[in-house]
Each structure stands twice: as structure tokens, then as C-alpha cells.
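Enquirer: The listed protein sequences correspond, in order, to chains A and B. The numbering used here puts the first residue of the first sequence at 295, with every later residue one more than the last. The numbering used here puts the first residue of the second sequence at 295, with every later residue one more than the last. Backbone N, C-alpha and C fix where the C-beta goes; we use that ideal spot for every residue, glycine too. Since this is a predicted model, take the numbers as computed values, not measurements.
2 protein chains.
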Amino acid sequence: MADFQEVGKQFIDFYYQTFDGGRPNLAALYRESSMLTFEGTPVMGVAAIIEKLTNLPFEQVQHRVDTSDCQPGDAEGKSIVVLVTGALMVDGQDRPMSFTQNFVLKNDGSWHVFNDMFRLVYPAA
Amino acid sequence: MADFQEVGKQFIDFYYQTFDGGRPNLAALYRESSMLTFEGTPVMGVAAIIEKLTNLPFEQVQHRVDTSDCQPGDAEGKSIVVLVTGALMVDGQDRPMSFTQNFVLKNDGSWHVFNDMFRLVYPAA
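Here you go:
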């Protein structure tokens, strides 16, 4: 059985490095059945997900991961649930923004993203 | 197949009402295989989860849900992935704190929590 902590950690490192380095390269992490809900907008499938991510209204972005938690998603070691919190800094903005993102990774021979949800988190008022 | 949006929404309403009204009553939502990672601390099983939640260092708490997103967790309608962001106000504190929480709900005849992860989110600096 895969070590879910190790797989989760490697995924997180790779995901945000790839996002910040060149979003189209994230395509390798998704499948046709993958779902992304980005700030409440749902899209499905590799092409729609990459189109959504590459059309976000910034050129340069840098993610900072503050916390990451992983749990096994089943008893068979075939899925991993990940919750990330952190901050992102986009070009033209002075201040970082807090975000949260969760993933469910599944293994069909290789690990890929089945569920992906992203939300900015504003300071509670 | 269950309507994942409707099941997810009902779950979220019930979960936070129950949490704020009487945490021990959350026991009905967990199973022996359920996992909670609360601020990075993992516990497993109904008794350990309820002990963790009831021993949090506040008496009164009120959750406010700001966003909630749901996705199906499989093609068979047997699991639902939920991501919540919001704020919580605990007794003795002037200011609400932002939080994020994700759940994977599974159906073994009734819907219950399989995965649960909670993190406070601090303003990005």
C-alpha cells in the first residue's frame, strides 16, 4: 500500500511548483473524469480544467503552502484526501491572499486528481 | 443516485447546528473507520473523534458558513466530497476566526463522515 503521507506530500510539492511554473503542464495530473470547482464554478475533464486554470486573470502567481493534511480515502490504499491552506501572491497585487484547496487523489495505475476544489479565504469580520 | 448537492447541503446545515448545539450529538455522523485531522492532529473512530471535539478549549461556539462546495466522490453516487469555508466565534474572544473544513461523506445505507479535516486560516501576511 502506498504511504499516503508521502504520496500526498510529493503531490502537493509538484502541484504548486507546476502551477506557478506553467499551468498547462498540470494537464498530466487530471483525467477526463476529474472535477474542479474553482471559487464555486464547476468544470470537468482535462481540457476544461486546464482552460479554466490558464485563463485566470493573472500571469505570474506564487503559492505558499502553510498547512497540508492527508488521510487515506479508503481501506485499499487507492485514494488519498488532501487539505491545503496557504497564501498566494499574484502579479500587480501588493498583498498575499489566503486560500484553501482540497484534493482527492486516485490511483488507476498512477496517481491523479479526481476531486479539486479551491476557495480564497477572506479575513473573518 | 442521491443528489450530491442536496445531500451535501443538508449535511453541512445539520453538522454545524449540531456542533454548536451539543458536540456529543455529532457521534451519529461518524463510524469506527472515520478519521478526523483537527489542526494537524489525527484521530480515528467515533469515541476518539467525539472526545477530541468535546475537549476543545471553549464552551460556546458558533460557526458561520460562508462558502460550501460539493462534488461526487465516485461514479456510483456512494460518496460526496465537501469543502467549507467560514468563520467561528468562540466564547471569550472578540473576533471571529476564519476556518476551512473538508469532508468525504460515504453511504453504507446512511450517509456518514469518512474523512474530516479542519484548519483555522489566518490572514495572509
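Using a Cβ-Cβ cut-off of 7 Å, state whether Asn401 (chain B) counts as contacting chain A.
Expert: Sequence index remark: in the second sequence, residue 401 (chain B) carries index 107 (1-based). Cβ-Cβ to chain A under 7 Å: no for Asn401 (chain B).
Enquirer: In angstroms with no decimal places, state the Cα-to-Cα distance between Val378 (chain B) and Met329 (chain B).
Expert: For the purposes of this step, residue 378 (chain B) is identified with residue 84 of the second sequence, where counting begins at 1. For the purposes of this step, residue 329 (chain B) is identified with residue 35 of the second sequence, where counting begins at 1. Near 17 Å, if we compare the C-alpha coordinates of Met329 (chain B) and Val378 (chain B).
Enquirer: Can you give the beta carbon distance from Pro417 (chain B) to Ser392 (chain A), rounded, assuming they're within the 8 Å contact cut?
Expert: Residue 417 (chain B) sits at position 123 when you count from the first residue of the second sequence. Residue 392 (chain A) sits at position 98 when you count from the first residue of the first sequence. Contact flag correct, Cβ pair sits at about 6 Å.
Enquirer: If we cut at 7 Å on Cβ distances, does Arg317 (chain A) have a partner in chain B?
Expert: Within the first sequence, residue 317 (chain A) is the residue found at index 23, counting from 1. False, the Cβ-Cβ gap to chain B never drops below 7 Å.
Enquirer: Assuming Val407 (chain B) and Tyr324 (chain B) are in contact, meaning their beta carbons sit under 8 Å apart, how far apart are those beta carbons, in whole angstroms?
Expert: Translated into positions along the second sequence, residue 407 (chain B) becomes position 113. Translated into positions along the second sequence, residue 324 (chain B) becomes position 30. Yes, Val407 (chain B) and Tyr324 (chain B) are in contact; Cβ-Cβ is about 5 Å, under 8 Å.
Enquirer: Measuring alpha carbon to alpha carbon, tell me which residue in B:Asn409, B:Phe313, B:Asn401 is nearest Phe298 (chain B).
Expert: Position 4 of the second sequence, counted from the start, is the residue given in the question as residue 298 (chain B). The candidate whose alpha carbon is nearest that of Phe298 (chain B) is B:Asn401.
Enquirer: Is any beta-carbon of chain A found at less than 7 Å from that of Thr379 (chain B)?
Expert: Position 85 of the second sequence, counted from the start, is the residue given in the question as residue 379 (chain B). Yes, because at least one Cβ of chain A sits closer than 7 Å to the Cβ of Thr379 (chain B).
Enquirer: Is Glu398 (chain A) close to chain B, meaning its C-beta is less than 7 Å from at least one C-beta of that chain?
Expert: On the first sequence, position 104 is the one that residue 398 (chain A) refers to. With the sequence shown as reference, residue 398 (chain A) is identified as Val, and Glu is not the correct amino acid for it. Closer than 7 Å: yes.
Enquirer: Run down chain B in chain order and give the residues with a C-beta less than 8 Å from the C-beta of Ser392 (chain A).
Expert: As a first step, residue 392 (chain A) is located in the first sequence; it is residue number 98 there, counting from the start. Neighbours of Ser392 (chain A) on chain B, chain order: Ser392, Val415, Tyr416, Pro417, Ala418.
Enquirer: How long is the line joining the alpha carbons of Gly339 (chain B) and Val376 (chain A), rounded to whole angstroms?
Expert: Indexing the second sequence from 1 puts residue 339 (chain B) at position 45. Indexing the first sequence from 1 puts residue 376 (chain A) at position 82. When rounded, the distance between both Cα atoms is 19 Å.
Enquirer: Smallest Cα separation from Thr394 (chain A): which of B:Asp363, B:Ile343, B:Ala341?
Expert: Residue numbering aside, residue 394 (chain A) sits at position 100 when the first sequence is read from its first letter. Cα-wise, what sits closest to Thr394 (chain A) is B:Asp363.
Enquirer: According to DSSP, what are the bridge partners of Ala381 (chain A)?
Expert: Taking the first sequence and counting its residues from 1, the one referred to as residue 381 (chain A) is at position 87. DSSP lists A:Arg358, A:Ser392 as partners of Ala381 (chain A).
Enquirer: Drop a sphere of 10 angstroms on the beta-carbon of Ser404 (chain B), count the other beta-carbons inside from all chains shown, and report buried for 16 or more, exposed for fewer.
Expert: Here residue 404 (chain B) refers to the residue found at position 110 when the second sequence is read from its first residue. Counting Cβ neighbours within 10 Å, Ser404 (chain B) comes out exposed, since fewer than 16 surround it.
Enquirer: Nearest CA to the CA of Val359 (chain A): which residue from A:Gly302, A:Gly380, A:Asp307, A:Gly334?
Expert: Mapped onto the first sequence, residue 359 (chain A) falls at position 65. Measuring from the Cα of Val359 (chain A), the nearest candidate turns out to be A:Gly380.
Enquirer: Would Met411 (chain B) count as contacting chain A if we go by Cβ distances under 7 Å?
Expert: In the second sequence, the residue the question calls residue 411 (chain B) occupies position 117. Closer than 7 Å: yes.
Enquirer: Who does Val375 (chain A) pair with in a DSSP beta bridge?
Expert: Here residue 375 (chain A) corresponds to residue number 81 of the first sequence, with the count starting at 1. DSSP, once it has assigned bridges, lists A:Gln365, A:Val398 as partnering Val375 (chain A).
Enquirer: For Val407 (chain A), list the residues DSSP reports as bridge partners.
Expert: The residue given as residue 407 (chain A) occupies position 113 in the first sequence. Answer is A:Tyr324, A:Leu399.
Enquirer: What distance in whole Å lies between the Cβ atoms of Ala321 (chain A) and Ile344 (chain A), which are believed to be in contact at a cut-off of 8 Å?
Expert: Numbered from 1 along the first sequence, position 50 holds the residue referred to as residue 344 (chain A). Numbered from 1 along the first sequence, position 27 holds the residue referred to as residue 321 (chain A). Correct: roughly 5 Å between the Cβ atoms.
Enquirer: Mind listing which residues of the stretch 322-333 of chain B have their C-beta closer than 8 Å to chain A's C-betas, in chain order?
Expert: Result list: Ser327, Met329, Thr331.
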